[in-house]
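Working notes, beginning with the structure itself.
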Amino acid sequence: MELEEWEALRSYRSPGQIWIFATQEPAAIVPDFLPPKVYRYDTYNWSFTFHSTSDIHGAYGWYTPYDKVKSDIKSTNWYKKKPKFASWVSSRHCGGLGWDRTKFVKDLGEFIPIDMYGECGNLTLTRHKVFANGIFKKYKFHMSLENSCCSKYLSEKVWNALQNWETGPVVLGGTKEEYDQ
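To convert, note that position 121 of the sequence shown is 121 in the UniProt record's numbering; the numbers rise steadily by one, no gaps.
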């Protein structure tokens, strides 16, 4: 939004009204939510984002580490069980939002087989979740590439691979320490 639009919005704000900056995307992906620099630090009172330093932390997912390894779990050879090697899905941001994921996947695809689904790929995908889960459970790995390499940004891509598809996520986004957290 332009400066004039922000000024109009602020003029309707009641005294004492709380404004919350809420998004699950990095700020670079949603620039219209950010006020102009003149209002940058006095427009929103609270933040509700994926970042751990937000006033309200809304992560896409989490895990609870085990205190000790369970010994009664049946061993499964995941490599043999899954016939396909790697998948990638992108429904938008095919290039240029900080880095070109599509080019990265195509270049990597010269060395390993990667099935590319969605608007940025050559394979179509239904939006019906059950069907999608069935498709991706066939893969050993899923390219869980974020649309923006931003501190603490860990989206649904990683959690879908781990929880829903029982697939190893290949990540590129935050630092190793952020993924370890």
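Where is the CB? At the ideal position from N, CA and C, for every residue including glycine.
Using the DSSP secondary-structure output, state which residues sit across from residue i in a beta bridge.
i, result
"ALA22", "PHE48"
"MET1", "Paired residue(s): none; MET1 is not in a bridge."
"residue 183", "Nothing in the structure corresponds to residue 183, since the chain is present only between 1 and 181."
Hey, out of the options, whose CA is closest to residue i's CA?
i, options, result
"GLU25", "ILE112, LYS103, LEU154, LYS81", "LEU154"
"ALA28", "LYS176, THR175, ASN147", "ASN147"
"HIS57", "TYR66, SER47, THR64, TYR63", "SER47"
"ASN77", "LYS140, GLU7, ILE18", "LYS140"
"VAL38", "ALA22, TRP6, SER54", "TRP6"
"PHE21", "ASN45, TYR12, ARG10, LEU3", "ASN45"
"ASP55", "ILE18, TYR66, LYS68", "ILE18"
"LEU145", "ALA59, LEU9, SER90, LYS80", "SER90"
Hey, residue i and residue j are a contact pair by Cβ (cut 8 Å); roughly how many whole angstroms apart?
i, j, result
"LYS138", "LYS82", "6 Å"
"LEU123", "TYR117", "5 Å"
"THR43", "PRO35", "4 Å"
Would residue i be called buried (16 or more neighbouring beta carbons within 10 Å of its own) or exposed?
i, result
"GLY121", "buried"
"PHE111", "exposed"
"ARG101", "buried"
"THR167", "buried"
Does the distance between the C-beta of residue i and the nearest non-hydrogen atom of the ligand ADP fall short of 8 Å?
i, result
"PHE136", "Judged by which ligands are present, the structure shown has none, so any question about the ligand ADP falls away."
Closer than 9 Å, CB to CB, is residue i near chain B or not?
i, result
"GLU5", "Of the chains in the structure shown, none is chain B; there is only one protein chain."
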